[in-house]
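The block underneath contains the structure these notes are about, expressed in structure tokens.
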Amino acid sequence: MSVLRSQWDRIAASVAIGAGLLCLIFGYLGISGTAHVAKQLPYIISGGLMGVFLLGLGAMLWLSADMLDEWRELRGMRLLLAEDVALRGEDASLLASAGIRRSMPLGDDEPAAALAGTPRRRTSFASEGSRAPVGSTSAKSVGQ
Numbered sequence: 036m037s038v039l040r041s042q043w044d045r046i047a048a049s050v051a052i053g054a055g056l057l058c059l060i061f062g063y064l065g066i067s068g069t070a071h072v073a074k075q076l077p078y079i080i081s082g083g084l085m086g087v088f089l090l091g092l093g094a095m096l097w098l099s100a101d102m103l104d105e106w107r108e109l110r111g112m113r114l115l116l117a118e119d120v121a122l123r124g125e126d127a128s129l130l131a132s133a134g135i136r137r138s139m140p141l142g143d144d145e146p147a148a149a150l151a152g153t154p155r156r157r158t159s160f161a162s163e164g165s166r167a168p169v170g171s172t173s174a175k176s177v178g179q
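The structure is reproduced here in structure tokens:
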């Protein structure tokens, strides 16, 4: 049941895509059985247009679910970066200006699948004695 709650958007996308394909198939079968254009129009409207709409809805829901997973992963990276900055003793005002609080717990409503991509290990981006920002090069951080 927890999988249904955490992946509701992908399940809805799969249902919409399946229903859209069924509408297109039944619409085609209805059109192919009739030679008169006037009798084909209801099948085009109900089967074709509804099928295309449901396929688009399913694609939108699937992309929305992927973006939500990316946001969760980026949040995990932001937390790891804030933890690294806090361990190096950076000023709290730098964290606040970036919109990062020192203790940002993960929400209980986030699925375990989204948290699996965010390891809980500390990664040192610079040497411990160096206080240079990430991306800057200095003789001390390069080892020259």
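In this text, residue positions in the sequence shown follow our numbering: the first is 36, and each later residue adds one. Note that beta-carbon positions come from the ideal geometry of N, C-alpha and C, so glycine has one too.
For the alpha helix (DSSP H) holding residue i, just list the boundary residues, first then last.
i	result
ILE46	43–67
SER99	85–122
ALA73	72–78
To the nearest whole angstrom, what separates the beta carbons of residue i and residue j, a pair I think is in contact under 8 Å?
i	j	result
PHE61	GLY91	Incorrect: roughly 18 Å between the Cβ atoms, too far for contact.
TYR78	GLY86	In fact, because the Cβ distance is near 11 Å, the residues do not count as touching under 8 Å.
TRP93	ILE46	For clarity, residue 93 is Gly in the given sequence; the question names Trp instead. About 11 Å separates the two Cβ atoms, so there is no contact after all.
Counting C-beta neighbours from all protein chains within 10 Å, is the total for residue i 16 or more, i.e. buried, or is it exposed?
i	result
LEU89	buried
GLY55	buried
VAL72	exposed
ARG107	buried
ALA147	Below a pLDDT of 50, predicted positions are generally treated as unreliable, and ALA147, at 49, falls in that range; the measurement from the model is reported next regardless. By the neighbour-count rule (16 or more Cβ atoms within 10 Å), ALA147 is not buried but exposed.
Say the cut is 7 Å; is the CB of residue i nearer than that to a heavy atom of the ligand SAH?
i	result
GLY83	As presented, the structure is devoid of all ligands, the ligand SAH included, so that no description of it is given.
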